[in-house]
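Below is one structure, written out as structure tokens, with a few remarks after it.
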Amino acid sequence: MHDHHDHSHCAHAPEGISLTPGRQLVLDKLCEAGRPVGAYEMIDLVAAATGKRPAPVSIYRSLDFLQENGLVHRLATRNAYLACGHRHDRTARVAFLICESCGRVSEVSSPDVDANLGRLAESSGFAPTAQVIEMTGRCRDCAA
Ligand SMILES: [Zn+2]
Ligand SMILES: [Zn+2]
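Every number in this note's numbering is 41 more than the matching position in the sequence shown, counting from 1.
In structure tokens:
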């Protein structure tokens, strides 16, 4: 198994961001999972860890906070969240390669795509707030 995602800084918030224990736990669980996790699955994971079932709204708030601070990405097509160890800012352009066969998700970025997308938005007078590309298909292992 190979992993393109750098998880070494995964569970640590950057300086200047303090996480409540609840938010830290959500981040820890996402990092442990190493794959996209939906909000309801997260409720189960937190319940299993704490012995107490959290309210959905508190899980959504934690996920929103982590997302706003660039610690997790939301995959719209899966309605799921993925921890990010890259510490790029919230509006960074990233692409996700989502394998429909094994569920592996790789986060990739490319300066070329970045520049082209930037020009595309600019020429349309569009001010993006989130720039995430999701590609579904088969990963190298599953295609083999
Ligand atoms: Zn990222
Ligand atoms: Zn695969």
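Even for Gly, the Cβ is constructed at its ideal location relative to N, Cα and C. None of the values given here were measured: they were computed from a predicted structure.
Within the same chain, and ignoring the five residues on either side of Leu60 in sequence, the residues whose Cβ sits closer than 6 Å to its Cβ are Ala54. Residue side-chain check: Asp182 places its Cβ nearer than 7 Å to a non-hydrogen atom of ligand 2. For Cys72, no beta strand (DSSP E) segment is defined; the enclosing uninterrupted segment is the alpha helix (DSSP H) at Pro62 to Ala74. Beta-bridge partners assigned by DSSP to Phe106: none are found. The bridge partners DSSP lists for Thr177 are Ile139.
Under the three-state reduction of DSSP, Ala185 is assigned to coil, being neither helix nor strand.
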